[in-house]
Amino acid sequence: MSYRDELWRELTAVGITGGLRSRIVAEIEDHLACDPGAELGAPAALAAQFADELGTSRARRAAGQSFAALALAGILFGVTFVAAPGGLFRAISAHTTWLGTLAAIVATVGAQVALVAGALAACRVLRRRRDAVMPSAEATIVLRRGAVGVAAGIATMAALGLAAVELRHAQPGWWVTLAEVAAAVGIAGLAAAVPSLMASLRVRPVATGSAGDLFDDIGQLLPHTLHGRPWRLALLISFGVAVVIALAGVATADPFDGIARGLADGLLCLLGFATLGRYLGLWRPAIAG
Amino acid sequence: MRSESLKGHLDALMLAVLGGGPRHGYAIIEELERRSGGALALPEGTVYPALHRLEASGLLASAWSSESGRRRRVYELTRRGQRELGVRRGEWRQFVTAIEAVMA
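Which chain is which? The protein sequence lines are A and W, in order. Under our numbering, the first residue of the first sequence is numbered 1256, with each subsequent residue one higher. Under our numbering, the first residue of the second sequence is numbered 659, with each subsequent residue one higher.
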């Protein structure tokens, strides 16, 4: 088998196909035509090097685009939420059906998952921004965080749109229009990040190495006593979330309602850590290199 | 020079070579060797993946060209690449000045 054919096969094996594979092979053929004795290395090693470098830059781009789309969706969601006359939750509990309540729950949970997953994806690529190559396990974690963030963001914006439809007779027309436009723009922005996520799923680095965990991402911001203690950190964050939500609820609405909402949010936060923690690489390397 | 010691400087070296004008992969390696008087001999297999990565990062642009009936991928710096080259040159000068001050 010729060097060209072997390289073609190895590129296919690492997920590099189509026009990109043809281009790489043509460049290498041109190089060999200039210098038949060129030392390009074994085809498998060359293909792996392409996968490592392209997979890393694709993962980085996917995380960046996901974060940008989530930031836009977050601003739109926040503006719509704050602009709701009389408060969105109060309006939902007073005027809508089970569908509206479901939309409110999805929006509440989805927004938090999207924020955490998207921010952690961005955090990880920022930390590794100077590295030409990320280990395969680390790129997988970045992609998972980006994908979960985008999926949760789409669910959140769809839920916002649904809540607006449910509240069309209870809220002013301008707010309903604002919420529907915000939902549509937010979903369109998040959908625009999907192709880069798909592209990075196709070509992933093959380099070995550990994926790290949450302490690698934000360890510098945490007190030393929390390092290596993920559950203690999860409890602390959940408690913080519960207190903030409860205080906000007490200040703006019924105190009992605020406390109940704070408790529910804290429990949801803890549940999120338990269910998604390992998948999103929050603790213990989820994937061995 | 050992290829391992060049690894961390590969991007800056390629940007610097392309700062002199568009070139295809083989010409980049040749120019690097010529400018360094043969001291910088890159492992050829590392150049193409790095070129693709730099292009994916928006620092390079590339297009096919035809030379004596042969199709070649020619790379050139983008504006962002030119800015990055300026940054890398500045960092390198700082580094050399600091090391020289210690070693002299």
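C-beta: ideal position from N, C-alpha, C; glycine also.
- With its beta carbon less than 7 Å from one in chain W, A/G1296 belongs to the interface.
- Contact between A/A1438 and A/L1415 is confirmed by a C-beta separation of about 5 Å, below the 8 Å threshold.
- Look at A/F1470: its C-beta is not under 7 Å from any C-beta on chain W.
- Residue contact check for W/S715 against chain A: a CB pair falls below 7 Å.
- Per the coordinates, the alpha-carbon of A/S1312 lies some 6 Å from the alpha-carbon of W/R711.
- Taking all protein chains in view, the Cβ of A/M1453 is surrounded by fewer than 16 other Cβ atoms within 10 Å, so the residue is classified as exposed.
- Beta-bridge pairing by DSSP links A/W1429 to no other residue.
- Between the region 1332 to 1344 of chain A and the region 1489 to 1503 of chain A, the count of C-beta pairs closer than 8 Å stays below three; the two stretches do not touch.
- Exclusion of the five residues before and after A/E1261 leaves P1298 as the residues of its chain whose Cβ lies within less than 7 Å of its Cβ.
- The C-alpha of A/A1410 is placed about 36 Å away from the C-alpha of A/A1303.
- The C-alpha of W/T704 lies about 8 Å from the C-alpha of A/L1295.
- In the three-state scheme derived from DSSP, where H, G and I count as helix and E and B as strand, W/L735 is classed as strand.
- For W/E725, the uninterrupted beta strand (DSSP E) segment begins and ends at L718 to E725.
- In the DSSP annotation of this structure, the continuous segment of the alpha helix (DSSP H) that includes A/Q1304 starts and ends at P1298 to A1338.
- With fewer than 16 other Cβ atoms from the protein chains shown falling within 10 Å of its own Cβ, A/S1257 counts as exposed.
- The straight-line gap separating the alpha-carbon atoms of A/A1362 and A/A1446 is approximately 17 Å.
- In the three-state reduction of the DSSP assignment, A/H1424 falls in the coil class, being assigned neither a helical nor a strand state.
- The Cβ atoms of W/L743 and W/G677 sit closer than 7 Å to each other.
- In the DSSP assignment, the residues bridged to W/H682 are W/V732.
- Taking the Cα of A/L1523 as reference, the smallest distance to any Cα among A/G1365, A/P1427, A/C1289 and A/G1342 is reached at A/G1365.
- Interface residue (Cβ-Cβ distance to chain A less than 7 Å): W/H667 is not classified as such.
- For A/W1263, the enclosing alpha helix (DSSP H) has its first and last residue at Y1258 to A1268.
- Taking C-beta atoms as the reference points, A/L1535 and A/R1382 fail to come closer than 7 Å.
- Residues of the same chain with a CB within less than 6 Å of the CB of A/E1393, apart from the 5 flanking positions on each side, are A1466 in chain order.
- For the C-beta of A/R1457, not a single chain W residue is nearer than 7 Å; the gap to the nearest is close to 13 Å.
- In this structure, A/D1472 lies near A/L1375, with their beta-carbon atoms less than 7 Å apart.
- Residue range W1353 to R1382 is occupied by the alpha helix (DSSP H) that includes A/T1356.
- The beta-carbon separation of A/G1444 and A/L1370, rounded to 15 Å, does not stay under the 8 Å limit for a contact.
- Ranked by Cα distance from W/R731, the first of W/A685, W/E749 and W/V745 is W/A685.
- Straight-line spacing of the CA atoms in A/E1421 and A/G1333 works out to 19 Å.
- Where W/V675 is concerned, the enclosing alpha helix (DSSP H) starts and stops at L668 to L676.
- For a Cβ distance threshold of 8 Å, residue set E1294, L1295, G1296, A1300, L1301 and Q1304 of chain A lies close to W/G703, ordered along the chain.
- Straight-line measurement puts the Cα of W/R738 at about 25 Å from the Cα of W/L698.
- Assignment of A/R1533 by DSSP, reduced to helix, strand and coil, places it in the coil class.
- For W/Y706, a Cβ of chain A is located within less than 7 Å of the residue's own Cβ.
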